[in-house]
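Asks: Protein sequences, first through last, are from chains A and B. According to our numbering, the first sequence is numbered sequentially starting from 1. According to our numbering, the second sequence is numbered sequentially starting from 1.
Protein chains: 2
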Amino acid sequence: MGFLHDGHMALVNQCRSDNEYAVASVFVNPAQFSPQEDFSTYPRDMDADLAKLEAAGVDLVFTPSVDEIYPEGFAAFVDVGPLGERLEGEFRPGHFRGVATVVCKLLSIVRPDRAYFGQKDAQQCMVVEALSRDLNLGAEIVVVPTVRDPDGLALSSRNAYLGEKERTAALLLSASLNLAREIWLSGGTDTGLVKDRMRALIEGNPLARIDYVSIADGDTLEELDQLRRSALVSLAVNIGKTRLIDNVIL
Amino acid sequence: MGFLHDGHMALVNQCRSDNEYAVASVFVNPAQFSPQEDFSTYPRDMDADLAKLEAAGVDLVFTPSVDEIYPEGFAAFVDVGPLGERLEGEFRPGHFRGVATVVCKLLSIVRPDRAYFGQKDAQQCMVVEALSRDLNLGAEIVVVPTVRDPDGLALSSRNAYLGEKERTAALLLSASLNLAREIWLSGGTDTGLVKDRMRALIEGNPLARIDYVSIADGDTLEELDQLRRSALVSLAVNIGKTRLIDNVIL
């Protein structure tokens with residue numbers, strides 16, 4: 001979706017190192033935003049994006065217009081079922097339908113051997129893996145670790161929206177995930193207790209409003225009663241008007 | 001879906017004549033049948049199908065199992081919107097979702113330059129065209145004219161279900177389409193009148209029960225008030241327990 005940061009560039013670098021030819025797409029996909037979301041104000045900077053991609057050695061950049069991707073009469077949509085209805089899907093109805101549809105199109109147009117997605121959007125990675133596998137799109141989905149600022153904030157184009165106090169509040173996402181990991185490493189097992197402590201930490205800041213805190217099976221996204229290896233701890237928090245997500249795998 | 005007849009072989013022959021390499025799939029797709037439909041009894045004869053395809057010079061036949069196409073955990077579906085909800089879609093909810101999904105998979109697996117479908121399933125042709133175009137699957141969809149028995153009955157694997165009296169009743173489908181064409185050629189314009197006369201002709205036989213008689217725009221499938229060039233006249237009629245469809249383009 002452009003407005004590239006070092007998280008995106010980690011995808012590019014991994015792709016360049018794994019493959020002979022690297023393609024990037026820059027496309028802010030209207031189909032994955034609901035009407036009240038930030039499609040029109042989502043940050044864009046094509047010149048800077050192209051300069052970064054060129055400097056990183058990308059061979060081809062695909063920058064379609066909205067009309068090219070969704071011409072008049074466009075009607076087909078891809079749905080990935082329950083995986084797209086939990087967590088983000090619950091708070092952003094239709095979001096993963098929009099993601100799956102545009103990724104299906106991009107994979108069909110480019111036909112890559114591998115496609116690179118960031119772990120920060122963990123559920124998106126799972127949706128895209130299901131998409132490519134179920135519809136035989138032929139792309140291996142490679143998940144690249146989340147890139148963080150030194151203070152722990154996961155990189156996101158939406159971080160550009162944050163004022164100074166908001167940025168401090170946003171650190172509560174990674175801090176609460178660290179708290180979950182510490183409880184797990186020190187032998188805790190009760191997910192209800194962990195989620196309560198994460199919530200309490202976040203809700204201590206008046207700028208933060210939680211959408212969800214989840215500890216779920218890393219394959220099905222079903223909520224777990226007990227902490228276990230490879231569980232996905234994830235959360236979505238509104239910091240002022242900016243909605244942020246983050247996650248960690250135990 | 002196999003149980004090949006001369007309608008299928010017309011697709012094969014057209015494909016062979018247009019291309020260097022011809023691939024056929026034989027797969028009775030459970031996703032396009034609803035629970036009360038004839039998936040389990042749908043006629044199958046793989047040995048005869050393979051012999052016909054080999055004799056016709058097909059280079060490769062893909063005969064996947066249901067588990068290969070829909071493995072455990074399969075969840076993705078393709079939906080083509082309103083085009084799949086009219087006519088057949090109204091009487092067979094989910095049918096075109098099943099068609100679009102399996103054709104998406106087959107086109108993604110085989111990646112053909114062209115894919116051949118029969119005009120007898122006119123709406124299916126339109127759905128597949130929308131699918132390939134909207135999801136950028138890269139296949140040109142070629143529609144091949146309906147093949148008919150000398151008495152006018154459109155070839156269909158389901159004709160195998162018909163008893164002698166039923167087969168006679170089934171001729172009312174093509175007869176009513178001929179009636180529509182004659183009214184059009186003699187200057188008639190009122191689609192309501194044409195549909196009434198088609199219905200009256202069919203309902204004269206007690207073995208026939210109409211699902212729909214439609215005169216619709218050939219691109220959008222919206223019902224028309226006036227006959228016009230390139231309108232799609234289509235119908236679905238149950239002959240005893242056998243559901244048949246047919247159509248003609250003015």
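Positions of the beta carbon are idealized from the N, C-alpha and C atoms, including for glycine.
Where does residue 241 of chain B land, buried or exposed, given buried means 16+ other C-beta within 10 angstroms?
Replies: exposed
Asks: Considering only DSSP beta bridges, list what residue 183 of chain A is partnered with.
Replies: Paired residues: none, contrary to the question.
Asks: Residues of the region 118 to 137 of chain A in Cβ contact with chain B at a cutoff of 7 Å, in chain order, please.
Replies: Residues of the region 118 to 137 of chain A that bring their beta carbon within less than 7 Å of a beta carbon in chain B comprise 130, 131, 134, 135, 136, 137, in sequence order.
Asks: Helix, strand or coil for residue 41 of chain A, going by three-state DSSP, please let me know.
Replies: coil
Asks: So, is residue 140 of chain B buried or exposed, given that buried needs 16 or more other C-beta atoms within 10 angstroms?
Replies: exposed
Asks: Along the region 71 to 83 of chain B, where does the CB come closer than 9 Å to a CB of chain A? Name the residues.
Replies: 71, 73, 74, 75, 76, 77, 78, 79, 80, 81, 82, 83
Asks: Take residue 61 of chain A and list the residues in its own chain whose beta-carbon comes closer than 7 Å to its own, dropping the five residues that flank it on each side.
Replies: 24, 26, 50, 53
Asks: So residue 255 of chain B packs on residue 216 of chain A, CB below 8 Å; how close in whole Å?
Replies: Coverage of chain B is limited to positions 1 through 250, which leaves residue 255 of chain B absent and any answer about it impossible.
Asks: How far does the beta strand (DSSP E) with residue 140 of chain A in it reach, from first residue to last?
Replies: For residue 140 of chain A, the enclosing beta strand (DSSP E) covers residues 140 to 144.
Asks: Figure out for me which residue from B:186, B:229, B:72, B:157 has the closest Cα to the Cα of residue 41 of chain B.
Replies: The candidate whose alpha carbon is nearest that of residue 41 of chain B is B:157.
Asks: Could you check whether residue 239 of chain B and residue 208 of chain B sit closer than 9 Å to each other, using their CB atoms as the reference points?
Replies: yes
Asks: Look up residue 66 of chain A in the DSSP assignment and say whether it is helix, strand or coil.
Replies: helix
Asks: Taking all protein chains shown into account, do 16 or more other C-beta atoms lie within 10 angstroms of the C-beta of residue 160 of chain A, making it buried, or fewer, making it exposed?
Replies: exposed
Asks: Could you say if the region 226 to 239 of chain A and the region 181 to 196 of chain A meet the contact criterion of at least three C-beta pairs nearer than 8 Å?
Replies: yes
Asks: Looking at C-beta atoms only, is the number of pairs between the region 8 to 20 of chain A and the region 108 to 122 of chain A that lie closer than 8 Å three or more?
Replies: yes
Asks: If the cut is a Cβ gap below 9 Å, which residues of chain C does residue 230 of chain B touch?
Replies: Judged by its chain identifiers, the structure shown contains no chain C, and its protein chains are A and B.
Asks: Scan the region 102 to 158 of chain B and note each continuous alpha helix (DSSP H) run of 4 residues or more that stays entirely inside, going in chain order.
Replies: 122 to 134
Asks: Which residue wins for smallest C-alpha separation from residue 210 of chain B, given the options B:33, B:105, B:21, B:234?
Replies: B:234
Asks: Return the residues of the region 103 to 118 of chain A that lie within a Cβ-Cβ distance of less than 7 Å from chain B, sorted by chain order.
Replies: 104, 105, 108, 109
Asks: Give me whichever residues DSSP pairs with residue 161 of chain A in a beta bridge.
Replies: None, per the DSSP bridge assignment.
Asks: Looking at C-beta atoms only, is the number of pairs between the region 81 to 89 of chain A and the region 72 to 86 of chain B that lie closer than 8 Å three or more?
Replies: Taking a cut-off of 8 Å on C-beta distances, the region 81 to 89 of chain A touches the region 72 to 86 of chain B, as three or more cross pairs fall below it.
Asks: Would you kindly check if the distance between the Cβ of residue 154 of chain A and the Cβ of residue 250 of chain A is under 9 Å?
Replies: no
Asks: Tell me the DSSP secondary structure of residue 299 of chain B in three-state form.
Replies: Since the first and last residues shown for chain B are 1 and 250, residue 299 of chain B lies out of range.
Asks: Could one say the Cβ of residue 101 of chain A lies closer than 9 Å to chain B's Cβ atoms, at least one of them?
Replies: yes
Asks: Cutting at 6 Å between CB atoms, please list the residues of its own chain near residue 22 of chain B, excluding the five before and the five after it.
Replies: 15, 16, 58, 59
Asks: Between B:146, B:138, B:223, which has its C-alpha nearest residue 104 of chain B's C-alpha?
Replies: B:138
Asks: Given that a residue counts as buried once 16 or more other Cβ atoms are within 10 Å of its Cβ, and exposed if not, what is residue 44 of chain A?
Replies: exposed
Asks: Threshold first: 3 residues or longer. Then list the beta strand (DSSP E) segments lying entirely within the region 184 to 248 of chain A, N to C.
Replies: 208 to 216, 232 to 239
Asks: If we ignore side chains and look at the alpha-carbon of each, how far apart do residue 35 of chain B and residue 69 of chain B end up?
Replies: Near 18 Å, if we compare the C-alpha coordinates of residue 69 of chain B and residue 35 of chain B.
Asks: Span of the beta strand (DSSP E) holding residue 25 of chain B?
Replies: Run containing residue 25 of chain B: 23 to 25, per the beta strand (DSSP E) assignment.
Asks: For residue 286 of chain A, which residues of its own chain have a beta-carbon under 8 Å away from its beta-carbon, when the five flanking residues on both sides are left out?
Replies: Residue 286 of chain A cannot be examined here, being either before or after the span of chain A that is shown, 1 to 250.
Asks: Using the three-state DSSP reduction, which class does residue 33 of chain B fall into: helix, strand or coil?
Replies: coil
Asks: Which two residues bound the contiguous beta strand (DSSP E) that contains residue 78 of chain A?
Replies: 77 to 79
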